[in-house]
Amino acid sequence: MMQKTIDRLLIFLSIFLIWELCTHTFSILDPFLFPSPEKVAQLLVEDSEVFRKSFTSSIYLLTSGLILALLTAIPLGLLVGWQRRLHQAVEPLTNLLGPIPPIVYIPYTIALLPTFTLSSIFVIFIGAFWPLFINTVAGVQAVEKGLIDSARTLGVSRWTMLTRVLLPGALPHILSGGSISLVLAFILLTAAEMIGATSGLGWYVKYFSDFADYPRVVAGILVIGIVVLLLMTVYRQVSSYLLRWRTSG
Amino acid sequence: MEALLQLEAVSLAYGNSASNRLVLSDVTVDVKEGEFITVVGPSGCGKSSTIGLLAGLLTPTSGTIRLQGTPITGPGPDRAVVFQDYSLFPWMTALDNIHFALQQVRKATREEALQYLHLVGLSEAKEKYPGELSGGMRQRVAIARAFAVDAPVYLMDEPFGAVDAKNRIYLQDLLLRLWKTGEHSKTIFLVTHDIDEALYLGDRIIIFTPSPGRIRRIVEVPFTRPRTRAYLVHDPAYIQLRNEILSLLQDDLIGELELVEGGSGI
Ligand SMILES: Nc1ncnc2c1ncn2[C@@H]1O[C@H](COP(=O)(O)OP(=O)(O)O)[C@@H](O)[C@H]1O
Ligand SMILES: [Mg+2]
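Sequence lines, in order, name chains A and B. Just so we're aligned, residue 1 is where the first sequence starts under this note's numbering, counting upward by one. Just so we're aligned, residue 1001 is where the second sequence starts under this note's numbering, counting upward by one.
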């Protein structure tokens, strides 16, 4: 445990050192394209208000799209996983629509929907929907038949079967689908922002690269990395809390 | 008095009309109210399928099953089931498992559920998930859950099959105790692969033939209750009955082997 932490710190320090040596100390790299750590740190402070606003705007789009996906993909996935006939009916559609890379929808939705906000929320929703839906269906089908029988012998209602048996039973699959959705949603968010936004983290990077302000581009990329890392960490914590019953056995 | 549970010429085949496999054939038996029936038979003879039929999870291909005169059409709160595994929901704590089962039949508080956990000596494990409990403890919770819903009929499919010998003895005695407590008399239908367990617990033992399962014989267990293990195993009548059942099961297995050998031309 201790060793791991030390190793990780060493890696970070070495990269930082190399960066520092190549830029600030010896000026090996072109300062126009490769800002020094000091410069980036200075920009992070200088632009902190812009970053705060960008973050708020990005998180708004991201959570709107994700919540829409959660609210539709999970109930639909539970139903489709549970009803054999429904599953057989929608399977070809899923196979056709599921693999389409959602990025390709961006220009179309921008044309289709009245505002940029709506179209990016929609694209994030589509991207997050399929992994969640497909994994919810698979999760329901992976629930032990014995547990379903056990629930039936207790005389559970249909609603209770879906919410208290199939939903928690499928949760391990749902959560792993959810992490794919989260990553995909973030990719789509930044892509959409680079194409058409006037705010947001993706917009920040795109905007300043148009001005060839590469120090700010690097600062923006760094902020995006940190945001994704934070989101994934929170997601993992929530997941392991929800799956705390899986400790052993 | 009319039988509580009647199986009348019950047959069961798995599969569709094109290809089906007969699993149970012409099973007829009447179970009296308050009776403790144990079932033994070779593996694959249809014991679990019989439990499934009685639970209402399966429908007989032909024949009828009646509970208090009414044909069984599906699961119901009048029958509680304990499986070898998978009875408990792994995402609910021991207490929540019992509470959840109780709530399906009536309004119930967690305190009420806790009483049943107390009954099987597991109050301290209330906040534990099944994955954190030993096999024996899990079955105790499953039994507590079954008795919490206070059904007149208990269906048990090798409930102690995966439990070590010491815990099995404890659970058998626990089960006998619960069988006789409460206001209503309880009827138990328990599948086991352990002849001693069948003899120790049962009023009657149903012995199945190999697949497709038919009733080979129904044996009355004459020993008075409460039975004492140490005494029983030295009772010549017990030893004789045990050997009789064993040879019935063995004859069937040998018969099956001969069939296979005959088929291969030896
Ligand atoms: N869902 C099923 N579909 C098809 N065949 C089954 C199914 N369940 C059990 N069987 C078959 O029915 C026979 C009886 O099974 P089972 O009732 O589990 O026997 P036992 O509990 O006595 O070992 C076995 O040969 C088994 O392979
Ligand atoms: Mg079985």
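All C-beta atoms in this analysis are idealised placements derived from N, C-alpha and C, irrespective of residue type, glycine included. Since the structure is predicted, the reported quantities are computational estimates derived from the model, not experimental observations.
Residue i CB to nearest heavy atom of ligand 2 below 7 Å
i: GLU1033 (chain B); result: no
i: LYS1047 (chain B); result: yes
i: GLU144 (chain A); result: no
i: GLU1244 (chain B); result: no
i: GLU1158 (chain B); result: yes
Residue interval of the alpha helix (DSSP H) (run including residue i)
i: GLY1056 (chain B); result: Careful: GLY1056 (chain B) lies outside any alpha helix (DSSP H) and carries neither H nor E.
i: MET2 (chain A); result: 2–20
i: ILE1037 (chain B); result: Not the alpha helix (DSSP H): ILE1037 (chain B) falls in the beta strand (DSSP E), residues 1036–1040.
i: GLU1197 (chain B); result: 1195–1201
i: ARG1177 (chain B); result: 1165–1180
i: TYR108 (chain A); result: 106–112
i: ILE226 (chain A); result: 214–242
i: ALA1230 (chain B); result: 1229–1232
i: PRO131 (chain A); result: 116–142
i: PRO1212 (chain B); result: Per DSSP, PRO1212 (chain B) belongs to no alpha helix (DSSP H) and is neither H nor E.
i: PHE1160 (chain B); result: Segment: none, PHE1160 (chain B) is in no alpha helix (DSSP H) and carries neither H nor E.
i: ILE148 (chain A); result: 145–153
i: VAL1149 (chain B); result: It is not in any alpha helix (DSSP H) - VAL1149 (chain B) carries neither H nor E in the DSSP assignment.
i: VAL156 (chain A); result: No alpha helix (DSSP H) holds VAL156 (chain A); DSSP gives it neither H nor E.
i: PRO37 (chain A); result: 37–46
i: ASP1235 (chain B); result: Segment: none, ASP1235 (chain B) is in no alpha helix (DSSP H) and carries neither H nor E.
i: PHE208 (chain A); result: 201–210
Top-ranked residue by Cα proximity to residue i, from the options
i: PHE1147 (chain B); options: B:ARG1066, B:ALA1113 and B:GLY1056; result: B:ALA1113
i: VAL250 (chain A); options: A:LEU182, A:VAL218, A:GLY177 and A:LEU147; result: Here chain A covers residues 1 to 249 and nothing more, so residue 250 (chain A) does not appear.
i: PHE55 (chain A); options: A:PHE26, A:LEU222, A:SER119 and A:THR72; result: A:LEU222
i: LEU171 (chain A); options: A:VAL50, A:PHE26, A:ALA197 and A:SER240; result: A:SER240
i: TYR1086 (chain B); options: B:VAL1153, B:THR1070 and B:PRO1159; result: B:PRO1159
i: ASN135 (chain A); options: A:LEU21, A:ILE180 and A:MET161; result: A:ILE180
i: LEU1241 (chain B); options: B:ALA1198, B:ALA1230, B:ILE1215 and B:GLY1131; result: B:ALA1198
i: MET1156 (chain B); options: B:GLY1044, B:GLU1033 and B:LEU1054; result: B:LEU1054
i: LEU118 (chain A); options: A:ALA197, A:LEU10 and A:SER14; result: A:ALA197
i: ALA138 (chain A); options: A:ALA111, A:HIS173 and A:ASP213; result: A:HIS173
i: ALA1009 (chain B); options: B:LEU1178, B:ILE1254 and B:ILE1215; result: B:ILE1215
i: LEU1117 (chain B); options: B:GLY1135, B:GLN1139 and B:LYS1107; result: B:GLN1139
i: THR153 (chain A); options: B:ILE1254, B:ALA1080 and B:LEU1201; result: B:ALA1080
i: ILE74 (chain A); options: A:LEU175, A:VAL217, A:VAL183 and A:PHE211; result: A:LEU175
i: TRP1179 (chain B); options: B:LYS1032, B:LEU1022, B:PHE1036 and B:VAL1027; result: B:PHE1036
i: PHE116 (chain A); options: A:LEU9, A:ILE226 and A:ILE195; result: A:ILE195
i: ILE1169 (chain B); options: B:GLU1220, B:GLU1033, B:PRO1071 and B:ALA1230; result: B:ALA1230
Delimiting residues of the beta strand (DSSP E) encompassing residue i
i: SER1011 (chain B); result: 1005–1015
i: ARG1216 (chain B); result: 1215–1220
i: SER1025 (chain B); result: 1020–1031
i: TYR1154 (chain B); result: 1153–1157
i: ARG1204 (chain B); result: 1204–1208
i: VAL90 (chain A); result: Premise fails: VAL90 (chain A) lies in the alpha helix (DSSP H), 84–97, not in any beta strand (DSSP E).
i: ILE180 (chain A); result: Premise fails: ILE180 (chain A) lies in the alpha helix (DSSP H), 167–196, not in any beta strand (DSSP E).
i: LEU1190 (chain B); result: 1187–1191
Residue i Cβ short of 7 Å to ligand 1 heavy atom set
i: VAL1023 (chain B); result: yes
i: TYR1014 (chain B); result: yes
i: GLY1041 (chain B); result: yes
i: SER1211 (chain B); result: yes
i: GLY1044 (chain B); result: yes
Chain C contact residues for residue i, given Cβ-Cβ distances below 7 Å
i: SER1087 (chain B); result: The question asks about chain C, but that chain is absent: this structure's protein chains are A and B.
Expected contact under 8 Å - CB spacing of residue i and residue j to nearest Å
i: LEU66 (chain A); j: ALA185 (chain A); result: 6 Å
i: LEU201 (chain A); j: ILE224 (chain A); result: 5 Å
i: VAL1105 (chain B); j: VAL1153 (chain B); result: In fact, because the Cβ distance is near 14 Å, the residues do not count as touching under 8 Å.
i: LEU1005 (chain B); j: THR1187 (chain B); result: 7 Å
i: GLY177 (chain A); j: LEU132 (chain A); result: 5 Å
i: ILE1218 (chain B); j: ARG1204 (chain B); result: 6 Å
i: VAL123 (chain A); j: TYR105 (chain A); result: 5 Å
i: LEU1024 (chain B); j: GLY1213 (chain B); result: 5 Å
i: LEU1095 (chain B); j: GLU1127 (chain B); result: 7 Å
i: PRO31 (chain A); j: THR25 (chain A); result: Actually they do not touch by this definition, with Cβ atoms about 12 Å apart.
i: ILE1143 (chain B); j: LEU1174 (chain B); result: 7 Å
i: GLN1084 (chain B); j: ALA1151 (chain B); result: Between ALA1151 (chain B) and GLN1084 (chain B) the Cβ distance is about 19 Å, and since that is not below 8 Å, they are no contact.
i: LEU162 (chain A); j: TRP245 (chain A); result: No, LEU162 (chain A) and TRP245 (chain A) are not in contact; Cβ-Cβ is about 19 Å, not under 8 Å.
i: ALA1003 (chain B); j: VAL1031 (chain B); result: 6 Å
Contiguous alpha helix (DSSP H) assignments of at least 4 residues, all confined to the stretch 1054–1136 of chain B: Listed in chain order, the complete alpha helix (DSSP H) runs (minimum 4 residues) inside the stretch 1054–1136 of chain B are 1094–1105 and 1110–1119.
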